[in-house]
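Residue numbers (the UniProt record's numbering): 1 to 252.
Structure first, commentary second.
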Amino acid sequence: MQYGEEIIKEFDVERDLEVWENKNEREFVIRITLPEFCCLCPRSGYPDFATIYVDYVPDKLVVELKAIKLYINSFMSRKISHEDSINEIYSAIEKKIQPKWMKIVGDFNPRGNVHTVVEICSESFIKEKKVEAETRQDNRSAGARRINERENDRKRDFAPRRNDRRDSFRGNDRDRGDRGSFRGGDRDRGNSRDRGNFRGNDRGDRGDRGDRGDRGNNSRGDSRDRSGGGSRDGYRKIQYENDKQPNIIKKD
Numbered sequence: 001m002q003y004g005e006e007i008i009k010e011f012d013v014e015r016d017l018e019v020w021e022n023k024n025e026r027e028f029v030i031r032i033t034l035p036e037f038c039c040l041c042p043r044s045g046y047p048d049f050a051t052i053y054v055d056y057v058p059d060k061l062v063v064e065l066k067a068i069k070l071y072i073n074s075f076m077s078r079k080i081s082h083e084d085s086i087n088e089i090y091s092a093i094e095k096k097i098q099p100k101w102m103k104i105v106g107d108f109n110p111r112g113n114v115h116t117v118v119e120i121c122s123e124s125f126i127k128e129k130k131v132e133a134e135t136r137q138d139n140r141s142a143g144a145r146r147i148n149e150r151e152n153d154r155k156r157d158f159a160p161r162r163n164d165r166r167d168s169f170r171g172n173d174r175d176r177g178d179r180g181s182f183r184g185g186d187r188d189r190g191n192s193r194d195r196g197n198f199r200g201n202d203r204g205d206r207g208d209r210g211d212r213g214d215r216g217n218n219s220r221g222d223s224r225d226r227s228g229g230g231s232r233d234g235y236r237k238i239q240y241e242n243d244k245q246p247n248i249i250k251k252d
C-alpha cells in the first residue's frame, strides 16, 4: 500500500482535519475549489465524480488546505449519496472552524442522464437573502408609490389646461354655429331671390304666352276673313269649285 493510500484510508476528521488561527481582524471570504471529489454510489457501487466549492467567512480559525484536500480524498472508497456527502463535509468544517458564514456546493458530473447540484449555506446567509428580498420588495413598493404620485401630479397639472382647452373648443363651436346661421340666412335670402325671379319669370312667360295667343287669334281671324268661309267657332269650311252659293231670302 502506498503512503497516499494509507493516509486516505486512515484519515480521521476529528484528528487529522487541521485548522489554523485567523490573525486578521477584517472580514474576508475564502473560496476553495476541489475538482477531484469522488465517492461510490451506495446502490450500484459506481463512482460519482464532482467538483466541490467551499466559500466561507472565517471567524477565529481557518481550515488548512492540505488537510481539507486529504479529507475530500477520503470519500474515494466510501459508499455515500450525493446529498449525504455534501452535508457531511459542511458539518465537519463548520464544527471545526465555526465560520461567520459558509456555503458549500457539490456539482456532480452527469451520470445516467442526471445532473445533480447540492448547495448548503449558513443561516446568516439565508437571513441575509431574506433581508435582501424584503429590501427589494420595499424598493418596489416605494417605486410604485413614487410612480403613482407622479401620475397624480401630472393629472392635477393637466386638468386646468384640459378645462381651458374644452372652453376654447366650446367657444369655437359657438362661433361656428353663428357663422353657420349667418350663412344659412344668406342662403335663405338667396333662395327667396331665386323664388322671386322664378315668379317673375312665370309672370313674364304667361304674359308672353297671352300675347302670342292674341296674335294667333288675330291671325286666324284674318285668314278666315280672307277665305270668306270661316265659321265663328274657329273652324274653316272647305269650299269646292262647283259648289253653289245658297240664296238668302229676306222676309219682310
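Heads up, the beta-carbon is just placed ideally off N, CA and C, and yes, glycines get one too.
Values in this document were obtained by computation on a predicted structure and should not be read as measured data.
Residue i and residue j: beta carbons closer than 8 Å?
i    : j    : result
V13  : L61  : no
C121 : K103 : yes
L34  : I52  : yes
S85  : G106 : yes
Go to residue i, then tell me how far its beta strand (DSSP E) extends in each direction, as first and last residue.
i    : result
Y56  : P47 to V57
K96  : Here K96 belongs to no beta strand (DSSP E); instead the alpha helix (DSSP H) covers H82 to I97.
M76  : Per DSSP, M76 belongs to no beta strand (DSSP E) and is neither H nor E.
C39  : I30 to L40
K103 : W101 to F108
E119 : V117 to C121
E21  : V19 to E21
Alpha carbon to alpha carbon, what distance is there between residue j and residue i?
i           : j    : result
V57         : E151 : 46 Å
D55         : K69  : 15 Å
F49         : I147 : 52 Å
D16         : S44  : 30 Å
G143        : A133 : 15 Å
I89         : N24  : 25 Å
residue 255 : H115 : The structure shown does not extend to residue 255, since the chain is modelled only from 1 to 252, so the question has no answer here.
R145        : R156 : 16 Å
F158        : D138 : 30 Å
P99         : G4   : 29 Å
residue 268 : V29  : As displayed, the chain neither begins before 1 nor continues past 252, which places residue 268 out of reach and without an answer.
I32         : S141 : 39 Å
M76         : E119 : 20 Å
S91         : E10  : 20 Å
E149        : R136 : 20 Å
Y71         : E27  : 26 Å
P47         : E123 : 32 Å
E6          : V131 : 47 Å
Could you check where the alpha helix (DSSP H) with residue i kicks off and where it finishes?
i   : result
D16 : V13 to D16
E5  : Y3 to K9
K69 : L65 to N73
Residue i and residue j look like a contact to me (Cβ under 8 Å); what is the Cβ gap, rounded to whole Å?
i    : j   : result
D59  : N22 : 7 Å
N109 : I8  : With 8 Å as the limit, N109 and I8 do not qualify as a contact, their Cβ atoms being about 21 Å apart.
V117 : I93 : With 8 Å as the limit, V117 and I93 do not qualify as a contact, their Cβ atoms being about 19 Å apart.
Kindly indicate if chain D contains any beta-carbon less than 8 Å away from that of residue i.
i   : result
L70 : Absent here is chain D; the protein component of the structure consists of one chain.
Count Cβ pairs between the segment 76-95 and the segment 35-42 that sit closer than 8 Å; are there 3 or more?
The count of Cβ pairs closer than 8 Å, one atom from the segment 76-95 and one from the segment 35-42, reaches three, so the stretches are in contact.
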